[in-house]
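A.B. asks:
Number of protein chains: 2
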Amino acid sequence: MLAWRTYIEVTARLNLALEQDLAPTGLTQGDYQVLVVLSEAPEHRMRMCDLANLLQLSPSGLTRRLDGLVRDGLVGRAASETDRRVMLAVLTPAGHETLATAAPDHVESVRSRLFDQLSDTQVDQLAAIFTAIGLGLDSEQP
Amino acid sequence: MLAWRTYIEVTARLNLALEQDLAPTGLTQGDYQVLVVLSEAPEHRMRMCDLANLLQLSPSGLTRRLDGLVRDGLVGRAASETDRRVMLAVLTPAGHETLATAAPDHVESVRSRLFDQLSDTQVDQLAAIFTAIGLGLDSEQP
DNA sequence: CGCATTCTGTTGCGATCGCAACATTTGTGT
DNA sequence: ACACAAATGTTGCGATCGCAACAGAATGCG
Numbered sequence: 001m002l003a004w005r006t007y008i009e010v011t012a013r014l015n016l017a018l019e020q021d022l023a024p025t026g027l028t029q030g031d032y033q034v035l036v037v038l039s040e041a042p043e044h045r046m047r048m049c050d051l052a053n054l055l056q057l058s059p060s061g062l063t064r065r066l067d068g069l070v071r072d073g074l075v076g077r078a079a080s081e082t083d084r085r086v087m088l089a090v091l092t093p094a095g096h097e098t099l100a101t102a103a104p105d106h107v108e109s110v111r112s113r114l115f116d117q118l119s120d121t122q123v124d125q126l127a128a129i130f131t132a133i134g135l136g137l138d139s140e141q142p
Numbered sequence: 143m144l145a146w147r148t149y150i151e152v153t154a155r156l157n158l159a160l161e162q163d164l165a166p167t168g169l170t171q172g173d174y175q176v177l178v179v180l181s182e183a184p185e186h187r188m189r190m191c192d193l194a195n196l197l198q199l200s201p202s203g204l205t206r207r208l209d210g211l212v213r214d215g216l217v218g219r220a221a222s223e224t225d226r227r228v229m230l231a232v233l234t235p236a237g238h239e240t241l242a243t244a245a246p247d248h249v250e251s252v253r254s255r256l257f258d259q260l261s262d263t264q265v266d267q268l269a270a271i272f273t274a275i276g277l278g279l280d281s282e283q284p
């Protein structure tokens, strides 16, 4: 039970700290994740619904998140040529550059806030623990 | 880096699953935490600002959260007799009963989603890991 | 082919939350 | 005692997000 309360408190504070570390770049963690996923996608583009699934966002949530990124010129919208229902989110050069600028600071933020506090063994334990929890979430009554 | 992505994905899914488990009681996790803290406080009451610090909420966030709980009759507001600035949040009998009804289900939810997936050793590791991260958050440049 | 079903993305609505500004009250320094 | 600073809670405003409803497009089936 102590472990549970510690988990609740620390995850909240960790997320807040990481968000504040990222704020000077003008990005939120959600924006950053969109840019990362797009930068790793073939041709730097991805269907909206695939993006929503990867980011665990509702369709409407993703639409509004992309609205902001499109307004800032970091992502563009393109219609698919093979399926006229789908919209593709496309990383722009400005988006790629913004990500390249923000990534080192964010990686350093995660490293100092999280991994520097843990031994190598604990990092392995952390990965094993959350993998096990994730498997449990897959197989329960959802 | 894999550990990091797993952590991000699983914490999000775990929170969602716990929120949905708690939804049938009509409470959110935030509401539940308010009731828990008040039920453990002397005389079932607490100053707004102390409550906000404990729950890691902004003053305005706590005001609106209490608005909902007061509307539902689970919490009452009382003026302090010694400091006329402060408002006390007071757990009502209805709030106490609602908590008593919801707690077993929520504890079972946390147990099945989290602790049943882990060995006793992993639970200890989890506590140690997040305690270390929490200590790191205390001592860094905030 | 024709029609129902499914998939995809957007919009209206409401809920949640933080920041800045504010009013009130308390504490502090001289 | 008086003025200034700090603490406390609330409100306006904007940002974020999910659900339900919707419209357009593709797919399956008789």
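Chains S and Y supply the protein sequences, listed in that same order.
For the first sequence, the working numbering begins at 1 and goes up steadily by one.
For the second sequence, the working numbering begins at 143 and goes up steadily by one.
Idealized CB from N, CA, C, for every residue including glycine.
Just so you know, these numbers come straight off a predicted model, no measurement behind them.
#1: So, does the CB of residue 282 (chain Y) fall closer than 8 Å to a CB anywhere in chain S?
#2: Less than 8 Å between CB atoms is the rule here; does residue 226 (chain Y) satisfy it with respect to chain S?
#3: Tell me the DSSP secondary structure of residue 187 (chain Y) in three-state form.
#4: Please list, in chain order, the residues of the region 27–39 of chain S that have any C-beta partner in chain Y closer than 9 Å.
#5: Listed from N- to C-terminal order along the chain, which residues in the region 145–159 of chain Y have their beta-carbon within a distance smaller than 9 Å of any beta-carbon of chain S?
#6: Identify the continuous alpha helix (DSSP H) that holds residue 237 (chain Y) and give its terminal residues.
#7: Pick from Y:235, Y:225, Y:251: whose alpha carbon is nearest that of residue 1 (chain S)?
#8: Roughly how far, in whole angstroms, is the beta-carbon of residue 16 (chain S) from the beta-carbon of residue 275 (chain Y), given that I think they are within contact range, below 8 Å?
#9: Please confirm if residue 279 (chain Y) has its CB atom under 8 Å from at least one CB of chain S.
#10: Hey, does residue 200 (chain Y) have any beta-carbon neighbour from chain S nearer than 8 Å?
#11: Buried or exposed for residue 280 (chain Y), going by 16 or more other Cβ atoms inside 10 Å?
#12: So residue 276 (chain Y) is in the beta strand (DSSP E); what residue range does that whole segment cover?
#13: Does the beta-carbon distance from residue 31 (chain S) to residue 69 (chain S) come in below 8 Å?
#14: Report yes or no: do the region 20–28 of chain S and the region 95–105 of chain S share at least 3 C-beta pairs separated by less than 8 Å?
#15: Along the beta strand (DSSP E) that carries residue 159 (chain Y), what are the first and last residues, could you check?
#16: Below 8 Å CB to CB, which residues in the same chain sit around residue 176 (chain Y) once its five sequence neighbours on both sides are set aside?
#17: Leaving out the 5 sequence neighbours to the left and right, which residues in its chain are closer than 8 Å to residue 44 (chain S) when beta-carbon positions are compared?
#18: Assuming residue 217 (chain Y) is part of the beta strand (DSSP E), what are its boundary residues?
#19: Using the Cα positions of residue 282 (chain Y) and residue 86 (chain S), report the straight-line distance between them to the nearest angstrom.
#20: Answer with buried or exposed for residue 21 (chain S), where buried requires no fewer than 16 other C-beta atoms within 10 angstroms of its C-beta.
#21: Taking DSSP as the reference, what is the three-state secondary structure of residue 86 (chain S)?
#22: Mapping DSSP to helix, strand and coil, what is residue 39 (chain S)?
#23: So what does DSSP say about residue 169 (chain Y), is it helix, strand or coil?
#24: Would you identify the three-state DSSP class for residue 258 (chain Y), choosing helix, strand or coil?
#25: Just the C-alpha distance for residue 12 (chain S) and residue 182 (chain Y), rounded to the nearest angstrom, thanks.
C.D. replies: In this structure, then:
#1: Interface annotation, residue 282 (chain Y): in contact with chain S, CB-CB separation under 8 Å.
#2: Residue 226 (chain Y) has a beta carbon lying at 8 Å or more from every beta carbon in chain S.
#3: In this structure, residue 187 (chain Y) counts as strand in the three-state DSSP scheme.
#4: Residues 29, 33.
#5: Going along the region 145–159 of chain Y in chain order, one finds 145, 146, 148, 149, 150, 151, 152, 153, 154, 155, 156, 157, 158, 159 with a Cβ nearer than 9 Å to chain S.
#6: For residue 237 (chain Y), the enclosing alpha helix (DSSP H) covers residues 235–255.
#7: Per the Cα distances, Y:251.
#8: Between residue 275 (chain Y) and residue 16 (chain S) the Cβ distance is about 13 Å, and since that is not below 8 Å, they are no contact.
#9: Interface annotation, residue 279 (chain Y): in contact with chain S, CB-CB separation under 8 Å.
#10: No, residue 200 (chain Y) lies away from the interface with chain S (no Cβ there is under 8 Å from its Cβ).
#11: Exposed: under 16 other Cβ atoms inside 10 Å.
#12: Going by DSSP, residue 276 (chain Y) is part of no beta strand (DSSP E) but of the alpha helix (DSSP H) stretching over 262–281.
#13: Going by C-beta atoms, residue 31 (chain S) is nearer than 8 Å to residue 69 (chain S).
#14: Because the criterion of three Cβ pairs below 8 Å is met, the region 20–28 of chain S and the region 95–105 of chain S touch.
#15: No beta strand (DSSP E) contains residue 159 (chain Y), which is instead part of the alpha helix (DSSP H) from 144–164.
#16: Around residue 176 (chain Y): 193, 197, 207, 208, 211, 217, 231.
#17: Closer than 8 Å at Cβ, skipping near neighbours: 38, 90, 91, 96.
#18: First-last of the beta strand (DSSP E) with residue 217 (chain Y): 217–221.
#19: Going by the C-alpha atoms only, they are around 45 Å apart.
#20: Its Cβ being crowded by 16 or more others within 10 Å, residue 21 (chain S) is buried.
#21: Here residue 86 (chain S) sits in coil by DSSP.
#22: Residue state, collapsed to three classes: helix.
#23: Coil, per DSSP.
#24: Correct three-state label for residue 258 (chain Y): helix.
#25: Taking the straight line joining both Cα atoms gives about 21 Å.
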